[in-house]
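Enquirer:
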Amino acid sequence: MIQIRNAADALAQGQLVAFPTETVYGLGADAKNAEAVRKVFEAKGRPANHPLIVHIAEFDQLAQWCRDIPEAAELLAKLFWPGPLTLVLKKAENVLPEVTGGQDSVAVRIPSHPVAIALLRKFGSGIVAPSANKFGRLSPTTAADVREEFADDELAMILDGGPCEVGIESTIVDLSRGAARILRPGMVLAESIFVALDNAPEMDLSDTPRVPGSLASHYAPRTPVRLASSADISQVIDEFESQGFETAVLSFKPPAMLHKHWIMAKKFPSHYAHTLYRNLRKLDGASADMIIVEEPPDDSDWDGIWDRLKRAAFDSKPKEKSGIADSELVHGDRE
Ligand code: TXA
Ligand code: MG
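Be aware that the sequence shown starts at 0, since it is given in numbering that gives the first Met the number 0, and climbs by one per residue.
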C-alpha cells in the first residue's frame, strides 16, 4: 500500500512510474501534466506524434477525456473493461495535444491488473502509459524487463506486480469515426467485438487493421527474426546452421537434434501470448545470429500474436543476403 501511495505521489509531482497492467508493463505519467507527458516521450525515445493511451479506473471518468461517447463504446466497455481493450474516441476539449499527438481523438482503457487499478484509484486521475520499453523494442512483461530498459534516474519507481497475464498489448478499437475499426489486434478478438456490436450502425468490417503512425518494425528483439512455416522450419534451421550461423528457435515442435537455444511453445493462443515477449527476450539473450519462429496457425484467435511476430520479423535480413556488418545486424536498433 505504501508503495502505491509513493507511486501516486511521484506521479502527482510529474515523475514517471512504471507499473504492471494485465497486458504489459506501462510507463506512467500524469495525463494532465504536459511536462510529465513529454518526459515519457523522452525516456522512450518515441516520436512526439505517436499518441498515448490514457488509463482510468472507472467508466465514469471516461467523460473527462472523451466527448460524444457512442453507445458502442458503452457496450464494449461493459463487456471488456476492466481488461485488454483500448477505445479510441473523440477527445474532450481539454485533453493535452501531447497525449493525442495533436489528433482530435484519444485512446482510453481501464486495465484489470489489481496494482494498476489501485494506483489509478489512489492517483484519482488519468495516467498515460505506453509500454515501458525504449521505442521499437520488445514490450516488458516483468518488472525486471523494465529495470533492464531504463537507467535508474529515468524513473521514480517501478511497481512490481509479477508477470503480466495477457502478455501482449491491448486490442485497439477506433470508434471516433463512426464505424468500429480495429487498429491493433490483441487478445480481445475482433470476432468478439463484432459479435458484441452486431446491431450497432457503426459496424464496418471493411477496413484493414492498422494503427496510424505505427511503424512495421515495432516490438523487435535485437537479433534478426525470421518466420518459417511448420513445413519449412527444419530446413530453414538446417540451412542457417550449415552455413555456420547460430540459430535460436521458437517452435511448436521439439528439436529434431540437440539444439542449444530452442523453446517449445504450446499451441494455445492465450498461453503463447502470455509467454511471447519473455520467449523472444530469452532467445534474443542467446546472442544467436538469427531467431527463427514457427508460424502460428492462421485462425483468427492468433491475430494479435501474428501481428507482433510480423512486426518483430519486419526488415530482418539474413546476414548473407543483406551484406550489413555483423555487429549492426545482431545489435543494431531498427529505429
Ligand atoms: O496494452 C496496452 O495497451 C499497453 C499497456 C501499458 O496499457 N500500452 C500500450 O501503449 O501498448 P503504446 O503507447 O505502446 O501503444 C499505444 C498505441 C499506439 O500504437 C498509438 O498509435 C495508439 O495506441 N493510439 C493512441 N492514441 C491513439 C489515437 N488517438 N488514435 C489512434 N491510435 C492511437
Ligand atoms: Mg509499445
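Even glycine gets a Cβ: it sits at the ideal position worked out from N, Cα and C.
Counting only the same chain and skipping the five closest in sequence on each side, list residues whose C-beta sits under 6 Å from that of Val248.
Expert: Cβ within range, chain order: Trp261, Ile291.
Enquirer: Which residues does DSSP list as the beta-bridge partners of Asp29?
Expert: DSSP, once it has assigned bridges, lists Ile126 as partnering Asp29.
Enquirer: Confirm the yes/no value for this check: CB of Phe242, any heavy atom of the ligand TXA, distance under 8 Å.
Expert: For clarity, residue 242 is Gln in the given sequence; the question names Phe instead. No, the beta carbon of Gln242 sits no closer than 8 Å to any heavy atom of the ligand TXA.
Enquirer: With DSSP run on the structure shown, which of helix, strand or coil describes Val345?
Expert: Limits of the chain in this structure are 0 at one end and 334 at the other, which puts residue 345 out of reach.
Enquirer: On the criterion of 16 or more Cβ atoms from any shown chain inside 10 Å, does Glu34 qualify as buried, or is it exposed?
Expert: The residue in question, Glu34, is exposed, as its Cβ has fewer than 16 Cβ neighbours within 10 Å.
Enquirer: Per the contact definition of three or more C-beta pairs closer than 8 Å, is the segment 172 to 186 in contact with the segment 8 to 16?
Expert: Contact between the segment 8 to 16 and the segment 172 to 186 is absent, because fewer than three Cβ pairs lie under 8 Å.
Enquirer: What are the uninterrupted segments assigned as alpha helix (DSSP H) that are 4 or more residues long and contained completely in the segment 93 to 122, given in chain order?
Expert: Counting only runs of 4 or more, we get 96 to 99, 113 to 122.
Enquirer: Should Pro129 be counted as a contact of the ligand MG given a C-beta to heavy atom distance under 8 Å?
Expert: Yes, Cβ of Pro129 sits closer than 8 Å to a heavy atom of the ligand MG.
Enquirer: Grouping DSSP H, G and I as helix and E and B as strand, with all else coil, what is Thr222?
Expert: Three-state DSSP puts Thr222 in coil, outside helix and strand.
Enquirer: For Asp151, which of helix, strand or coil comes out of DSSP?
Expert: Of the three classes helix, strand and coil, the one that applies to Asp151 here is helix, per DSSP.
Enquirer: Thinking Lys90 and Trp64 are a contact (beta carbons under 8 Å), I'd like their distance in whole angstroms, please.
Expert: Between Trp64 and Lys90 the Cβ distance is about 7 Å, and since that is below 8 Å, they are a contact.
Enquirer: With 16 other CB atoms within 10 Å as the buried threshold, where does Asp173 fall?
Expert: With 16 or more other Cβ atoms within 10 Å, it is buried.
Enquirer: So, do the segment 84 to 100 and the segment 27 to 41 have three or more beta carbon pairs nearer to each other than 8 Å?
Expert: Enough Cβ pairs lie closer than 8 Å, so yes.
Enquirer: Let me know the secondary structure DSSP gives Ala199 once reduced to three states.
Expert: Bear in mind that a pLDDT of 44 at Ala199, under 50, signals an unreliable position, so the number given afterwards is only what the model happens to contain. It is coil, neither helix nor strand.
Enquirer: May I ask you to check if the CB of Val16 is nearer than 8 Å to at least one heavy atom of the ligand TXA?
Expert: Val16 Cβ: outside cutoff for every heavy atom of the ligand TXA.
Enquirer: Quick one, which of Phe193, Ser250, Met289 has its alpha-carbon nearest Pro296's?
Expert: Residue Ser250 is the option with its Cα nearest to Pro296.
Enquirer: Nearest-angstrom Cα distance between Lys121 and Pro19?
Expert: Going from the Cα of Lys121 to the Cα of Pro19 covers about 15 Å.
Enquirer: What residues in its chain sit with their C-beta under 6 Å from that of Glu201, if we drop five residues either side in the sequence?
Expert: With a pLDDT of only 40 at Glu201, under the threshold of 50, the placement of this residue in the model should not be trusted, and no figure is reported.
Enquirer: Given a cut-off of 9 Å on the beta-carbon distance, is the pair Thr85 and Ser191 in contact?
Expert: It is not a contact, given that the beta carbons lie outside the stated cut-off.
Enquirer: Span of the alpha helix (DSSP H) holding His273?
Expert: Segment 268 to 284, the alpha helix (DSSP H) holding His273.
Enquirer: With a threshold of 16 other CB atoms inside 10 Å of the CB of Pro253, please say whether the residue is buried or exposed.
Expert: Exposed.
Enquirer: What three-state label does DSSP hand Val87 in the structure shown?
Expert: Note: Val87 maps to strand in three-state DSSP.
Enquirer: Name the one or two DSSP bridge partners that Met263 has.
Expert: In DSSP, Met263 forms a bridge with Ser250.
Enquirer: Identify, in the order they occur along the chain, each residue of the same chain with its Cβ nearer than 7 Å to the Cβ of Met0, setting aside the five sequence neighbours on each side.
Expert: Answer for Met0: no residue qualifies.
Enquirer: Can you pull the DSSP bridge partners for Val235?
Expert: In DSSP, Val235 forms no bridge with anything.
Enquirer: May I have the straight-line CA-CA distance separating His54 from Ser241, to the nearest angstrom?
Expert: Their backbone Cα atoms lie some 49 Å apart in a straight line.
Enquirer: Evaluate Glu41 with the Cβ neighbour count: other Cβ atoms within 10 Å of its Cβ, from every protein chain shown; 16 or more gives buried, anything less gives exposed.
Expert: Exposed, because fewer than 16 other Cβ atoms sit within 10 Å of the Cβ of Glu41.
Enquirer: In the DSSP assignment, find the alpha helix (DSSP H) that holds Asp306 and state where it starts and stops.
Expert: Where Asp306 is concerned, the enclosing alpha helix (DSSP H) stretches over 302 to 312.
Enquirer: Going straight from the alpha carbon of Arg136 to that of Ala219, what length do you get?
Expert: Using only the alpha carbons, I get a separation of about 5 Å.
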